[in-house]
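For reference, the structure discussed in these notes is given below.
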Ligand SMILES: Cc1ncc(COP(=O)(O)O)c(C=O)c1O
């Protein structure tokens, strides 16, 4: 059975981590894999999570199965974090999933059942797993223009022109904030324009929000998504607790469906549960139990919001320091865009060869498509990294 299988090809980001680990240089810098790091280069357990863990361990009396939808209080918390105060609150349902990755696949499977001819439009470029997951669900995938390699910002005019061709059988996948990999986000007026196009042409918006709180703040990061949810009949959302609760390995996320009315949203949820039953049956419990514990407790919520805001501020400060080092020491404003990007990632606009040069000559590991993880920097690395970026750019 297995003799015909080709040798597996490692995911580029995973093989980058292996190469980094095997690099003997002391001054190597890992700007590859997308995890948040503090100034000591660690990905710590957040204080609010640690405290919630004590509460969960003390109070949990059973490891019996939870339902197919996971923890319903967690599901409601995810709806509240994203949609509180919008008209969508009365026509929405949510299912806890194994990370946003699980949510992406469940919503992909849902679309395949509800509308088999769906084409999913994704940004060019997009999160490396968007295309494989949608294709694995049996859907067609098409790209819309997104990033300008000249300005290093979103090319809104071209994006809107492409999206003006999306119709009723199409789903347009957007990043809620902190676009992965580019770091370039659409502004509020672009959210309004895309909403208008969806109303006019009938496509369904699908928002993947994996970094809420890492861009402009917890509430600010959901503003575009909320405007859209208020103004469209149907919408899909995937959300993740990997980054903003630091729960990566606990696989905690949710799939959210907004329908024309509550009945339709409930029917969609019922279908997702059937699909989940034949896939993984039910999501792991621990991460969602922690998030629920935090969000149901005022003091823990405050602690969490404070920590999240410190993480966001740290990213901002690293961006500013790297830019000013390039500007002041190396006399170049070529990289000023880094300061305007949001979240953990920035695309430098380097070729594969330039990224290889950064890796081979300087031991600086970014992804081959030019993406670097700002959170992988520490203040002490910045002069060296700025010098390398400047040298490679020449
Ligand atoms: C845009 C985007 N969506 C989804 C995910 C998947 O996150 P999770 O760890 O919750 O599966 C990621 C993770 O990097 C991401 O960047």
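Numbering (this note's numbering), first residue to last: 51 to 444.
Beta carbons: idealized from backbone N, C-alpha and C, even for Gly.
Predicted model only: the values in this text are computed from it and were never measured.
Roughly how many whole angstroms lie between the Cα atoms of residue i and residue j?
i	j	result
residue 79	residue 225	27 Å
residue 284	residue 433	48 Å
residue 256	residue 121	23 Å
residue 390	residue 200	15 Å
residue 81	residue 260	19 Å
residue 218	residue 165	10 Å
residue 362	residue 354	12 Å
residue 232	residue 398	8 Å
residue 158	residue 323	13 Å
residue 228	residue 317	31 Å
residue 346	residue 358	17 Å
residue 376	residue 438	10 Å
residue 413	residue 75	7 Å
residue 422	residue 161	33 Å
residue 142	residue 274	17 Å
residue 139	residue 309	10 Å
Buried or exposed: which applies to residue i, given that a residue is buried once 16 or more other Cβ atoms fall within 10 Å of its Cβ?
i	result
residue 454	Any property of residue 454 remains undetermined from this structure, which presents the chain solely from 51 to 444.
residue 328	exposed
residue 60	exposed
residue 52	exposed
residue 125	buried
residue 68	exposed
residue 211	exposed
residue 396	buried
residue 238	exposed
residue 190	exposed
residue 117	exposed
residue 62	exposed
Any chance the CB of residue i is under 8 Å from a heavy atom of ligand 1?
i	result
residue 173	no
residue 121	no
residue 154	yes
residue 225	yes
residue 195	no
residue 419	no
residue 453	The requested residue 453 is not part of the displayed model; the chain covers only 51 to 444.
residue 373	no
residue 115	no
residue 330	no
residue 292	yes
Can you tell me which of the three DSSP states residue i falls into?
i	result
residue 180	helix
residue 266	coil
residue 421	strand
residue 143	strand
residue 254	strand
residue 115	coil
residue 317	helix
residue 434	helix
residue 223	strand
Are the C-beta atoms of residue i and some chain D residue less than 9 Å apart?
i	result
residue 198	Among the protein chains of the structure shown there is no chain D, as only one such chain exists.
At least 3 beta-carbon pairs within less than 8 Å: the segment 375-390 vs the segment 201-213: Counting Cβ pairs under 8 Å, three or more are found: they touch.
Does the segment 87-104 come close enough to the segment 258-273 to have 3 or more Cβ pairs within less than 8 Å? No contact exists between the segment 87-104 and the segment 258-273.
Does the segment 329-349 come into contact with the segment 238-251, if we say contact requires no fewer than three beta-carbon pairs (one atom in each stretch) closer than 8 Å? Not touching, per the Cβ criterion.
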